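Peer 1:
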Amino acid sequence: MLFDTHTHMDAPQFDEDREMAIKRALEAGVTRMINIGFNRETIPSTMKLAETYDFIYAAVGWHPVDAITMQDEDLDWIASLCSHEKVVAIGEIGLDYHWDTSPKDVQHLVFRRQIELARELNMPIVIHNRDAHEDIVKILREEKASDVGGVMHSFSGSWETAKMCLDMGFHISFGGPITFKNAKQPKEVLAKVPLDRLLIETDSPYLTPHPFRGKRNETAYVKLVAEMAAEIKGLSFEELARITTQNALERFGI
Numbered sequence: 068m069l070f071d072t073h074t075h076m077d078a079p080q081f082d083e084d085r086e087m088a089i090k091r092a093l094e095a096g097v098t099r100m101i102n103i104g105f106n107r108e109t110i111p112s113t114m115k116l117a118e119t120y121d122f123i124y125a126a127v128g129w130h131p132v133d134a135i136t137m138q139d140e141d142l143d144w145i146a147s148l149c150s151h152e153k154v155v156a157i158g159e160i161g162l163d164y165h166w167d168t169s170p171k172d173v174q175h176l177v178f179r180r181q182i183e184l185a186r187e188l189n190m191p192i193v194i195h196n197r198d199a200h201e202d203i204v205k206i207l208r209e210e211k212a213s214d215v216g217g218v219m220h221s222f223s224g225s226w227e228t229a230k231m232c233l234d235m236g237f238h239i240s241f242g243g244p245i246t247f248k249n250a251k252q253p254k255e256v257l258a259k260v261p262l263d264r265l266l267i268e269t270d271s272p273y274l275t276p277h278p279f280r281g282k283r284n285e286t287a288y289v290k291l292v293a294e295m296a297a298e299i300k301g302l303s304f305e306e307l308a309r310i311t312t313q314n315a316l317e318r319f320g321i
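Under this note's numbering, the first residue of the sequence shown is numbered 68, with each subsequent residue one higher.
Below, the structure is given as structure tokens:
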């Protein structure tokens with residue numbers, strides 16, 4: 068019983084075999100997944116998936132890479148979708164200092180506005196953080212994100228950063244990179260994260276775990292993430308799967 072808490076099954080990489088990829092996930096023991104809609108194109112396709120499959124849920128938000136494009140009506144749109152029974156979080160939102168597509172001040176504003184919306188609607192948030200650890204923590208604190216909590220998606224920071232996020236009530240989610248041989252820091256951080264705050268994900272079609280690294284990722288491979296997480300935690304695969312699934316159900320109110 069596995070829960071992929073972050074996937075992009077609506078991505079064009081799945082246009083040729085989406086139904087088969089979903090079937091493979093079910094065969095691998097995935098009982099639930101959250102698909103992420105993060106801009107004007109992917110929010111509708113995410114909602115369609117959530118409405119088509121009873122085991123697929125949705126998170127909707129505005130990605131920092133696309134921050135420059137967000138209008139007031141887009142925020143209103145996200146707010147309206149949050150009343151949908153299949154929408155379980157606002158995300159992915161946050162900061163991305165790797166891709167130079169949206170100015171930092173615009174990213175900060177869009178991030179803050181979505182945290183404010185989440186607090187108004189009492190919705191958890193899914194955080195995208197790339198090369199912006201210090202500013203992420205600063206904004207989460209200033210905007211009182213601890214009121215709603217959420218998930219640090221595909222966590223890549225230090226234990227010090229993880230601890231600050233845990234102190235604000237966030238869960239820490241790990242994906243394919245924990246299976247990489249040279250991924251020393253993610254493995255060390257995962258080892259320290261309390262079991263009741265641990266989540267797993269794929270971020271498919273990206274961040275494919277070993278031994279498929281370099282190929283397209285898919286939700287079925289969350290099993291490989293779970294196997295490595297179980298090894299790091301010294302648990303059986305079944306126990307790790309049970310714990311992380313229960314954590315996700317509670318975190319997202321499912």
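Just so it is clear, CB atoms sit at the ideal spot from N, CA and C, and this is done for glycine as well. Note that the structure is a prediction, hence the values are computed from the model and not measured.
(1) Could you have a look at Asp265 and say whether DSSP puts it in helix, strand or coil?
(2) If we ignore side chains and look at the alpha-carbon of each, how far apart do Leu176 and Leu116 end up?
(3) Within its chain, find whatever has a CB closer than 6 Å to the CB of Thr269; leave out the 5 residues flanking it on each side and keep chain order.
(4) Which residues mark the beginning and the end of the alpha helix (DSSP H) in which Val289 is found?
(5) Give the straight-line distance between the Cα atoms of Leu162 and His238, rounded to the nearest whole angstrom.
(6) Pick helix, strand or coil for Asn314, following the three-state DSSP scheme.
(7) Run the CB neighbour count on Phe122, radius 10 Å, all protein chains shown included, and call it buried at 16 or more, exposed below.
(8) Is the distance from the Cβ of Val127 to the Cβ of Ile157 below 8 Å?
(9) Kindly indicate the opening and closing residues of the alpha helix (DSSP H) around Phe222.
(10) Pairing CB atoms from the stretch 181-199 with CB atoms from the stretch 209-218, are three or more of them under 8 Å?
(11) Cα-Cα, which of Met219, Met190 and Met76 is closest to Ser147?
(12) For His200, name the three-state secondary structure that DSSP assigns.
(13) Between which two residues does the beta strand (DSSP E) carrying Leu69 extend?
(14) For Ile145, which three-state DSSP category applies?
(15) Please confirm whether Val155 and Ala199 have their CB atoms less than 8 Å apart.
(16) On the criterion of 16 or more Cβ atoms from any shown chain inside 10 Å, does Thr98 qualify as buried, or is it exposed?
(17) Pull up the distance between the alpha-carbon of Gly104 and that of Leu302, whole angstroms please.
(18) Assuming Thr373 contacts Val292 (C-beta within less than 8 Å), just tell me the rounded distance between them.
Peer 2: The answer reads as follows:
(1) Per the sequence presented here, residue 265 reads as Leu, with Asp not at that position. Three-state DSSP puts Leu265 in a strand.
(2) 29 Å
(3) If we look at Thr269 and ignore the five residues flanking it on each side, its Cβ neighbours are Asp71, Thr74, Gly242, Asn284, Thr286, Tyr288 and Val289.
(4) Residue range Val289 to Lys300 is occupied by the alpha helix (DSSP H) that includes Val289.
(5) 18 Å
(6) helix
(7) exposed
(8) yes
(9) From DSSP, Phe222 is part of no alpha helix (DSSP H); its letter is neither H nor E.
(10) yes
(11) Met190
(12) helix
(13) Leu69 to Thr74
(14) helix
(15) The Cβ atoms of Val155 and Ala199 lie no closer than 8 Å to each other.
(16) exposed
(17) One C-alpha to the other measures close to 33 Å.
(18) In the structure as shown, the chain begins at 68 and stops at 321. Residue 373 is therefore absent and cannot be evaluated.
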